[in-house]
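Participant: Provided herewith is a single structure, encoded as structure tokens, for subsequent inquiry.
2 protein chains.
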Amino acid sequence: MNENVLGIIAGLLTSGSMIPQLVKVIKEKNADDLSSGMLIVLISGVSLWIWYGFLKDELPIILTNAFSVVVNVTLLIYCLIYKNK
Amino acid sequence: MNENVLGIIAGLLTSGSMIPQLVKVIKEKNADDLSSGMLIVLISGVSLWIWYGFLKDELPIILTNAFSVVVNVTLLIYCLIYKNK
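Just so you know, the sequences run in chain order A and R. Reminder that position 36 of the first sequence reads as 36 in this note's numbering, one-by-one numbering, no gaps. Every position in the second sequence, counted from 1, becomes a number in this note's numbering once 85 is added.
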């Protein structure tokens, strides 16, 4: 299989696995299941993967981790909003 | 920064972010917060990243995703055990 296609599929699966969590938080307006500390660790790691992707010039890593940052930052924002209520 | 060191740190942060979840499940003997479907998607994605790592011959990707498979397969096993009770 083409490496880039493989990387994009891999990245969609790993980034996409957080989407049901995001949908659940938005629907239930409740983020008690989530740890904001864990999300901050995850966002840091994903951001470093983007940096790694730039150093290695690997588009699948950059694109899918950028998507993951968007999903997880959104989760973190909801987490902070709902926990302050 | 050395690319391999960067990749290992990035991978430890992203893989490690699931460990608090694992500890919580083991302590509380409860996996109601977890979706086994989500874990299967995540494990599939992480396994494809390992394949990608082998194709590109990138050790940080192989090692950190292998660690992630171990953590998430353990979570899935606990998930299946506790949900059948």
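Glycine residues also receive a C-beta, built at the ideal position from the N, C-alpha and C atoms.
For Ala31(A), collect the residues of the same chain with a Cβ closer than 7 Å to its Cβ; drop the 5 residues on either side in sequence, then sort them by chain order.
Facilitator: For the purposes of this step, residue 31(A) is taken as the residue at position 31 of the first sequence. The answer, listed in chain order, is Val25, Tyr78, Cys79, Tyr82, Lys83.
Participant: With a threshold of 7 Å between beta-carbons, can Glu113(R) be considered close to chain A, or not?
Facilitator: Here residue 113(R) refers to the residue found at position 28 of the second sequence. Chain A, which has no Cβ nearer than 7 Å to the Cβ of Glu113(R), makes this no.
Participant: Can you find a CB in chain R that lies within less than 7 Å of the CB of Val32(A)?
Facilitator: In the first sequence, the residue the question calls residue 32(A) occupies position 32. First, the amino acid is wrong: residue 32(A) is Asp here, not Val. Not an interface residue.
Participant: Any idea what DSSP makes of Ser121(R), helix, strand or coil?
Facilitator: As a first step, residue 121(R) is located in the second sequence; it is residue number 36 there, counting from the start. Here Ser121(R) sits in helix by DSSP.
Participant: Measuring only between beta-carbons, confirm whether Ile162(R) sits less than 7 Å from chain A.
Facilitator: Indexing the second sequence from 1 puts residue 162(R) at position 77. So no, Ile162(R) is outside the interface.
Participant: Excluding the five sequence neighbours on either side, which residues of its own chain have a C-beta within less than 7 Å of the C-beta of Gln21(A), listed in chain order?
Facilitator: Looking up residue 21(A) in the first sequence gives position 21. Excluding residues up to 5 positions away in sequence, Leu75 lie with their Cβ nearer than 7 Å to the Cβ of Gln21(A) in the same chain.
Participant: Reducing DSSP to helix, strand and coil, say where Ser153(R) ends up.
Facilitator: Sequence index remark: in the second sequence, residue 153(R) carries index 68 (1-based). DSSP places Ser153(R) in helix when its eight states are reduced to three.
Participant: Label Gly11(A) either buried or exposed according to how many other C-beta atoms from any shown protein chain fall within 10 Å of its C-beta, with 16 as the threshold for buried.
Facilitator: Reading the first sequence from its first residue, position 11 is the one you call residue 11(A). By the neighbour-count rule (16 or more Cβ atoms within 10 Å), Gly11(A) is buried.
Participant: In the DSSP assignment, find the unbroken alpha helix (DSSP H) run with Lys29(A) in it and report its ends.
Facilitator: The count along the first sequence starts at 1 and reaches residue 29(A) at position 29. First-last for Lys29(A): undefined, no H or E at that position.
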